[in-house]
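Student: Pasting a structure here, questions to come.
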Amino acid sequence: MFGQTQLCDPYNVFLRKHKPGLCCAVREDMPVPTFLNPEDWSYGYTARRTADLPVSFQRSAARDATGRLGFYLFQDVCA
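Just add 15 to wherever you are in the sequence shown, counting from 1, and you've got my numbering.
Below, the structure is given as structure tokens:
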């Protein structure tokens, strides 16, 4: 079924307060970076399926960024 594909690496997605659309994804199995403090960021959701991801989320870029940096910053164009 379309959009029901499970992600190999689920992501916790955090939303930047006062900056609509700015998001930070962290793999569920990785620690949350310290810059994601509750004063500036809020937990948005956990993406477990491809249907949970925004259109602007690039899975290959997210894999690379989380492997190197521990997080993936992206702009949700629909926010």
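No residue lacks a Cβ here, since even glycine has one placed at the ideal position from N, Cα and C.
Check for me: the beta strand (DSSP E) holding Ser57 runs from which residue to which?
Tutor: Reading the sequence shown from its first residue, position 42 is the one you call residue 57. Looking at the DSSP string, the run of the beta strand (DSSP E) that includes Ser57 is Trp56 to Arg64.
Student: Which same chain residues end up closer than 8 Å to Pro25 when comparing Cβ atoms and leaving out the 5 residues on each side of it in sequence?
Tutor: Here residue 25 corresponds to residue number 10 of the sequence shown, with the count starting at 1. For Pro25, where only same-chain residues beyond five positions count, the Cβ hits under 8 Å are Arg42, Glu43, Thr61, Ala62 and Arg63.
Student: Kindly list the residues whose CB is nearer than 7 Å to the CB of Gln19, restricted to its own chain and excluding five residues on each side of it in sequence; keep chain order.
Tutor: For the purposes of this step, residue 19 is taken as residue 4 along the sequence shown, with counting starting at 1. Closer than 7 Å at the Cβ level, and outside the excluded window around Gln19, lie Arg64 and Ala66.
Student: What does DSSP give as the partner residues of Arg78 in its beta bridges?
Tutor: For the purposes of this step, residue 78 is identified with residue 63 of the sequence shown, where counting begins at 1. Answer is none; Arg78 lacks a bridge partner.
Student: Answer yes or no: do Ala76 and Ala40 have a C-beta to C-beta separation smaller than 7 Å?
Tutor: Locating residue 76 in the sequence shown gives position 61, counting from the first residue. Locating residue 40 in the sequence shown gives position 25, counting from the first residue. Not in contact: Ala76 and Ala40 (Cβ atoms no closer than 7 Å).
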